[in-house]
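Beneath this line is the structure, given in structure tokens, with notes to follow.
Number of protein chains: 4
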Amino acid sequence: MTDQSVSSSPAVDSAGVRKARIREERRQAILDAAIPLFAANGFSDTGISEIAQAAGMSHGTVFLYFRNKEALFFSAVVEPLRDMERAFSFEETEGRPLQRLQQVIANHVRFVAHHRDYLRLVQYVLGHYERFQDSATEVLAQTERYGESLVALIRDGQRAGQLVPGDAHATALAYLGYINGIGLVVDVRGNQESPIWDAMAGLGLRLFGPTNMSDGTK
Amino acid sequence: MTDQSVSSSPAVDSAGVRKARIREERRQAILDAAIPLFAANGFSDTGISEIAQAAGMSHGTVFLYFRNKEALFFSAVVEPLRDMERAFSFEETEGRPLQRLQQVIANHVRFVAHHRDYLRLVQYVLGHYERFQDSATEVLAQTERYGESLVALIRDGQRAGQLVPGDAHATALAYLGYINGIGLVVDVRGNQESPIWDAMAGLGLRLFGPTNMSDGTK
Amino acid sequence: MTDQSVSSSPAVDSAGVRKARIREERRQAILDAAIPLFAANGFSDTGISEIAQAAGMSHGTVFLYFRNKEALFFSAVVEPLRDMERAFSFEETEGRPLQRLQQVIANHVRFVAHHRDYLRLVQYVLGHYERFQDSATEVLAQTERYGESLVALIRDGQRAGQLVPGDAHATALAYLGYINGIGLVVDVRGNQESPIWDAMAGLGLRLFGPTNMSDGTK
Amino acid sequence: MTDQSVSSSPAVDSAGVRKARIREERRQAILDAAIPLFAANGFSDTGISEIAQAAGMSHGTVFLYFRNKEALFFSAVVEPLRDMERAFSFEETEGRPLQRLQQVIANHVRFVAHHRDYLRLVQYVLGHYERFQDSATEVLAQTERYGESLVALIRDGQRAGQLVPGDAHATALAYLGYINGIGLVVDVRGNQESPIWDAMAGLGLRLFGPTNMSDGTK
DNA sequence: TATGAATGAGAATTCATTCAT
DNA sequence: GATGAATGAATTCTCATTCAT
Chain B
5 MTDQSVSSSP AVDSAGVRKA RIREERRQAI LDAAIPLFAA NGFSDTGISE IAQAAGMSHG
65 TVFLYFRNKE ALFFSAVVEP LRDMERAFSF EETEGRPLQR LQQVIANHVR FVAHHRDYLR
125 LVQYVLGHYE RFQDSATEVL AQTERYGESL VALIRDGQRA GQLVPGDAHA TALAYLGYIN
185 GIGLVVDVRG NQESPIWDAM AGLGLRLFGP TNMSDGTK
Chain V
5 MTDQSVSSSP AVDSAGVRKA RIREERRQAI LDAAIPLFAA NGFSDTGISE IAQAAGMSHG
65 TVFLYFRNKE ALFFSAVVEP LRDMERAFSF EETEGRPLQR LQQVIANHVR FVAHHRDYLR
125 LVQYVLGHYE RFQDSATEVL AQTERYGESL VALIRDGQRA GQLVPGDAHA TALAYLGYIN
185 GIGLVVDVRG NQESPIWDAM AGLGLRLFGP TNMSDGTK
Chain X
5 MTDQSVSSSP AVDSAGVRKA RIREERRQAI LDAAIPLFAA NGFSDTGISE IAQAAGMSHG
65 TVFLYFRNKE ALFFSAVVEP LRDMERAFSF EETEGRPLQR LQQVIANHVR FVAHHRDYLR
125 LVQYVLGHYE RFQDSATEVL AQTERYGESL VALIRDGQRA GQLVPGDAHA TALAYLGYIN
185 GIGLVVDVRG NQESPIWDAM AGLGLRLFGP TNMSDGTK
Chain R
5 MTDQSVSSSP AVDSAGVRKA RIREERRQAI LDAAIPLFAA NGFSDTGISE IAQAAGMSHG
65 TVFLYFRNKE ALFFSAVVEP LRDMERAFSF EETEGRPLQR LQQVIANHVR FVAHHRDYLR
125 LVQYVLGHYE RFQDSATEVL AQTERYGESL VALIRDGQRA GQLVPGDAHA TALAYLGYIN
185 GIGLVVDVRG NQESPIWDAM AGLGLRLFGP TNMSDGTK
């Protein structure tokens, strides 16, 4: 409709593109406001008005961006999964299996330390999977994919003699539990940069059974 | 009608006692009904009527046993902590530190496997500690106590050379996270007696850094 | 549960029966309050609170008697149909066909004059049959039954030579339209006992084509 | 803005005129879209956006043509009254009173058959006259005028011996009720050209008491 | 002029809590 | 003690209306 030829000059973008961008920004503002609130208070004890206020708009406006509260909650849970997946990526790690594992764990723990709200939200969903089936399904699917990659890496490590032999699936599951669990117990008021997180990363490695134990103690 | 004024004759006394016992039973029935419901649906999405129905009484009756919904929730979260503490007791374990640790873990994992509802509830409370401060405080206090015992045991093990040296507090924290986490990730439909729980117990031991690694692989 | 032996003495009825009766009365009070309001303002412009207030209760109470607003509306429209059917009954008329017809019309007009609110409500439903399908279906079914009886009576009259020959179905339809229509046009502030209603009854007879015209002019 | 003071030069005039005509067309488009919607769903259940969409414009635009929803509704009800009046005109009828009456009825019934939406809307207004006083007043005024003409014609017919003597006002009222009523009861899915309408016209004549009954049976 | 994003009043519905029976 | 009817605060969602673009 509006001419967008080769346009990359902001002036020409104007009409359509600008509008779309603003719209996307507001949408994101709502999600950003919603996540910590849902995380802290759960679904039913978080009011749409509360979210709207936190996002700096009227409650009516929220409904211009999300069909209803359920849809907003779903988006708040599911959309960050993409970023999460990227943060947990195995692709960017390098070196021998054990070293790669250490990098993966470090990334993972860093994510846990920096996104406690979101993690809380995810745990809330998993803890109430009957009630939030749609969201839980998505989360579990992602967990599944992550687990698969992890299993492969564990087997590499076991073959390379860097990890003790054993059921890789069980090990991966134990590790996933560990990662989820430390988010719950590490003092919530703890600083994101607290050395406790490094310790958690180091201890987490032990679950995989590194043959050279000194690696696991840092 | 319910006058027991003269009471001291065993017959009358037992009337009073029986009444108290019945009362206690009904109270407990409410809590037993409430725990899985609160665990599955959270505080606000669990109705008093729902609980009452599950406990086989009218919703009005619930208020004869609990001042209000908050008080009921608090009791549902806090009262089982006593049993939990008993289940996690270090007193009944015996042998050398590592063996005692293995028994502790086994007890712990067994509890997790058998009380998923209650564990979910506790995690829910911890995940929303701002909202459920009273309950969360109690839970954390108990965790603290448990942690202290654990730290002592870890130090024993380290001194005995059965565990690698290291920060016992961090280790205890990591382990607590692990225990909480596996409850979240192990397939919820999983059987209580599933061998997965044994595997989780075995892997959990690794967090403590047993010097003889074969112990950790079961 | 409670003993109701032969009981017919009000004292014994007590518990169960009394409660049921009170419940029925309150339910009816809501309907009685709802009908004129729905009639005057339509479905969406009649608030539950408005109805509740008119019925002398809190709006929350209305929902103890009706699942939701739709259900209340449905009951308000459909339940009086029974009484209406009784009022229009052909059974109690007697004499030759023309005389019976006159009685039927008189009953009918009397009902229209005395239940303008309800009639308005029914017309509202018929006028918005797409939106109120359930209610409209019931109303039409009742109209259908009434029409059948009317057709039979018309044919009797025609056979007896008291009515001119003609399509009895069309005649019945015309009459039903007439009855509905006069409720709309006769001055709404008009008294229920106004002679205008007698005139309407007399003129209505003309639709049936009485052979002795003097009958139709009263 | 729409000032055309100087206007007399055809060029300028035609520009202004065209603009005015376009404006008028859009306005009419809105009304045309609004009538069936208001008729089917009533005032409150018809959204401005719905009307705007049906008229092929944005809801914001509707407010450029009508001050608010009430004003739009009023126009939708009142403006077609002019056309209606023309359709019901007595002026164009000819012949002796009875024949003129037959033409009037035929016109009337034809209008009812062809403008069911609008008729529904008018009936909706009359049925809720307290709520739509302005509109209802206009409708009633028009009905009044129509009634007067009808009364005159009835009296002519009575004087000419073509109609039985009687209260002409009551007769007119009965007829108006009839016309309104048949719109409600004749099967709404019925075709506009259905012979049922001819039958209704024929039967309607009977209300006036034609002395030669054969006229009334068609 | 036309658009559609933003607002906020209003309405239905739920549910903890009270209280008469 | 036990019940469940009644209450009304609180919450989600809709939609007429305004206004910047």
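Protein chains in written order, with our numbering: chain B, 5 to 222; chain V, 5 to 222; chain X, 5 to 222; chain R, 5 to 222.
Glycine included, C-beta positions come from ideal geometry on N, C-alpha and C.
Since this is a predicted model, take the numbers as computed values, not measurements.
**Message:** Can you check whether the C-beta of residue 134 of chain X is within less than 8 Å of a C-beta belonging to chain R?
**Reply:** Residue numbering aside, residue 134 of chain X sits at position 130 when the third sequence is read from its first letter. Chain R places a beta carbon closer than 8 Å to that of residue 134 of chain X, counting this residue as a contact.
**Request:** Quick one: which unbroken alpha helix (DSSP H) runs of 4-plus residues sit fully inside the segment 42-117 of chain B? Chain order, please.
**Result:** 52-58, 63-69, 73-82, 84-91
**Request:** Report buried or exposed for residue 184 of chain B, applying the criterion of at least 16 other Cβ atoms within 10 angstroms of its Cβ.
**Result:** Stepping through the first sequence from its first residue, residue 184 of chain B is reached at position 180. Per the 10 Å Cβ criterion, buried.
**Request:** Can you give me the start and stop residues for the alpha helix (DSSP H) that residue 188 of chain X sits inside?
**Result:** For the purposes of this step, residue 188 of chain X is identified with residue 184 of the third sequence, where counting begins at 1. Where residue 188 of chain X is concerned, the enclosing alpha helix (DSSP H) stretches over 172-189.
**Request:** Please check if any C-beta of chain R sits within less than 8 Å of the C-beta of residue 49 of chain X.
**Result:** Translated into the one-based positions of the third sequence, residue 49 of chain X becomes position 45. Chain R, which has a Cβ nearer than 8 Å to the Cβ of residue 49 of chain X, makes this yes.
**Request:** Quick one: grab the DSSP three-state call for residue 211 of chain V.
**Result:** Stepping through the second sequence from its first residue, residue 211 of chain V is reached at position 207. The answer is coil: DSSP assigns residue 211 of chain V none of H, G, I, E or B.
**Request:** Identify the continuous alpha helix (DSSP H) that holds residue 144 of chain X and give its terminal residues.
**Result:** Walking along the third sequence from the start, residue 144 of chain X turns up at place 140. That run of the alpha helix (DSSP H) goes 137-163.
**Item:** Within chain V, the residues that residue 200 of chain B reaches when beta carbons sit closer than 8 Å
**Value:** Taking the first residue of the first sequence as 1, we reach residue 200 of chain B at position 196. Those within 8 Å of residue 200 of chain B in chain V are 174, 177.
**Asked** The alpha helix (DSSP H) spanning residue 122 of chain X covers which residue range?
**Response** Residue numbering aside, residue 122 of chain X sits at position 118 when the third sequence is read from its first letter. Start and end: 120-131.
**Message:** Which residues of the segment 128-161 of chain R have a Cβ closer than 8 Å to any Cβ of chain X? Give them in chain order.
**Reply:** 128, 130, 131, 132, 133, 134, 135, 147
**Request:** Report the residue from R:215, R:216, R:202 whose alpha carbon sits nearest the alpha carbon of residue 108 of chain R.
**Result:** For the purposes of this step, residue 108 of chain R is taken as the residue at position 104 of the fourth sequence. Cα-wise, what sits closest to residue 108 of chain R is R:202.
**Prompt:** Applying a beta-carbon distance threshold of less than 9 Å, which residues of chain B neighbour residue 124 of chain V?
**Reply:** Taking the second sequence and counting its residues from 1, one reaches residue 124 of chain V at position 120. Those are 131, 132, listed as they occur along chain B.
**Asked** Alpha carbon to alpha carbon, what distance is there between residue 78 of chain V and residue 136 of chain V?
**Response** Against the second sequence, residue 136 of chain V aligns to sequence position 132. Against the second sequence, residue 78 of chain V aligns to sequence position 74. Their Cα atoms are separated by approximately 8 Å.
**Item:** Near-chain B residues of the segment 33-46 of chain V (beta-carbon distance less than 9 Å), N- to C-terminal order
**Value:** 43, 44, 45, 46
**Item:** residue 169 of chain X - DSSP class collapsed to helix/strand/coil
**Value:** Residue 169 of chain X sits at position 165 when you count from the first residue of the third sequence. If DSSP states are grouped into helix, strand and coil, residue 169 of chain X belongs with coil.
**Request:** For residue 108 of chain X, return the contacting residues in chain R, with the cut-off set at a CB-CB distance below 9 Å.
**Result:** If you number the third sequence from 1, residue 108 of chain X lands on position 104. Per Cβ cutoff of 9 Å: no residues; residue 108 of chain X is ~17 Å from chain R at best.
**Item:** Spatially closest choice to residue 42 of chain R from R:189, R:95, R:75, R:65, by CA coordinates
**Value:** Taking the first residue of the fourth sequence as 1, we reach residue 42 of chain R at position 38. Comparing Cα-Cα distances from residue 42 of chain R to each of R:189, R:95, R:75, R:65, the minimum goes to R:75.
**Message:** With three or more beta-carbon pairs closer than 8 Å as the criterion, would you say the segment 115-132 of chain R touches the segment 34-53 of chain R?
**Reply:** yes
**Prompt:** Okay, do the segment 152-161 of chain X and the segment 170-181 of chain X touch, 3+ Cβ pairs below 8 Å being the bar?
**Reply:** yes
**Prompt:** Is DSSP giving residue 198 of chain B helix, strand or coil here?
**Reply:** As a first step, residue 198 of chain B is located in the first sequence; it is residue number 194 there, counting from the start. Note: residue 198 of chain B maps to coil in three-state DSSP.
**Message:** Using 8 Å as the threshold, is the C-beta distance between residue 181 of chain X and residue 128 of chain R below it?
**Reply:** One-based indexing of the third sequence puts residue 181 of chain X at position 177. One-based indexing of the fourth sequence puts residue 128 of chain R at position 124. Cβ atoms of residue 181 of chain X and residue 128 of chain R: not closer than 8 Å.
**Asked** How long is the line joining the alpha carbons of residue 112 of chain V and residue 200 of chain V, rounded to whole angstroms?
**Response** The sequence position of residue 112 of chain V within the second sequence is 108, counting from 1. The sequence position of residue 200 of chain V within the second sequence is 196, counting from 1. Using only the alpha carbons, I get a separation of about 14 Å.
**Request:** Kindly indicate which residue of V:97, V:87, V:101, V:106 has the alpha-carbon position closest to the one of residue 208 of chain V.
**Result:** Taking the second sequence and counting its residues from 1, the one referred to as residue 208 of chain V is at position 204. Nearest C-alpha to residue 208 of chain V: V:106.
**Prompt:** Nearest to residue 37 of chain X by CA position, among X:50, X:214, X:133, X:25, is which residue?
**Reply:** Against the third sequence, residue 37 of chain X aligns to sequence position 33. Among X:50, X:214, X:133, X:25, the Cα nearest to that of residue 37 of chain X is on X:50.
**Prompt:** Quick one: what's got a C-beta closer than 6 Å to residue 220 of chain B's C-beta in the same chain, skipping five residues either side?
**Reply:** Taking the first residue of the first sequence as position 1, residue 220 of chain B is located at position 216. With a pLDDT of only 41 at residue 220 of chain B, under the threshold of 50, the placement of this residue in the model should not be trusted; the figure read from the coordinates follows. The answer, listed in chain order, is 209, 210, 214.
**Prompt:** Just how far apart, CA to CA, sit residue 189 of chain X and residue 195 of chain R?
**Reply:** Against the third sequence, residue 189 of chain X aligns to sequence position 185. Against the fourth sequence, residue 195 of chain R aligns to sequence position 191. When rounded, the distance between both Cα atoms is 26 Å.
**Request:** Output, in chain order, the set of chain B residues within a Cβ distance shorter than 9 Å of residue 186 of chain V.
**Result:** Within the second sequence, numbered from 1, the residue matching residue 186 of chain V stands at position 182. Going along chain B in sequence order, the residues near residue 186 of chain V (Cβ under 9 Å) are 177, 178, 180, 181, 182, 184, 185.
**Message:** Can you tell me whether residue 29 of chain X is helix, strand or coil according to DSSP?
**Reply:** Residue numbering aside, residue 29 of chain X sits at position 25 when the third sequence is read from its first letter. DSSP places residue 29 of chain X in helix when its eight states are reduced to three.
**Request:** Find the residues of chain X that neighbour residue 203 of chain R, judging by a C-beta separation of less than 7 Å, and give them in chain order.
**Result:** Here the question's residue 203 of chain R lines up with position 199 in the fourth sequence. Result: 171, 174.
**Message:** Please classify residue 65 of chain V as buried or exposed, where buried requires at least 16 other C-beta atoms within 10 Å of its C-beta.
**Reply:** As a working note, residue 65 of chain V is residue 61 in the second sequence. Looking at its Cβ environment, which holds fewer than 16 other Cβ atoms inside 10 Å, residue 65 of chain V is exposed.
**Prompt:** Should residue 60 of chain V be labelled buried (16 or more other beta-carbon atoms within 10 Å of its own) or exposed?
**Reply:** The residue labelled residue 60 of chain V in the question sits at position 56 within the second sequence. The residue is exposed, with fewer than 16 neighbouring Cβ atoms inside 10 Å.
**Asked** How many Å lie between residue 29 of chain V and residue 90 of chain V at the Cα?
**Response** Residue 29 of chain V sits at position 25 when you count from the first residue of the second sequence. Residue 90 of chain V sits at position 86 when you count from the first residue of the second sequence. Roughly 21 Å separates the two Cα atoms.
**Request:** Could you check if residue 39 of chain V is buried or exposed, using at least 16 other CB atoms within 10 Å of its CB as the buried criterion?
**Result:** As a working mapping, residue 39 of chain V is identified with position 35 in the second sequence. Buried, because 16 or more other Cβ atoms sit within 10 Å of the Cβ of residue 39 of chain V.
**Message:** Just to confirm before moving on: does the CB-CB distance between residue 164 of chain X and residue 84 of chain X stay below 8 Å?
**Reply:** In the third sequence, residue 164 of chain X corresponds to position 160, counting from 1. In the third sequence, residue 84 of chain X corresponds to position 80, counting from 1. Not in contact: residue 164 of chain X and residue 84 of chain X (Cβ atoms no closer than 8 Å).
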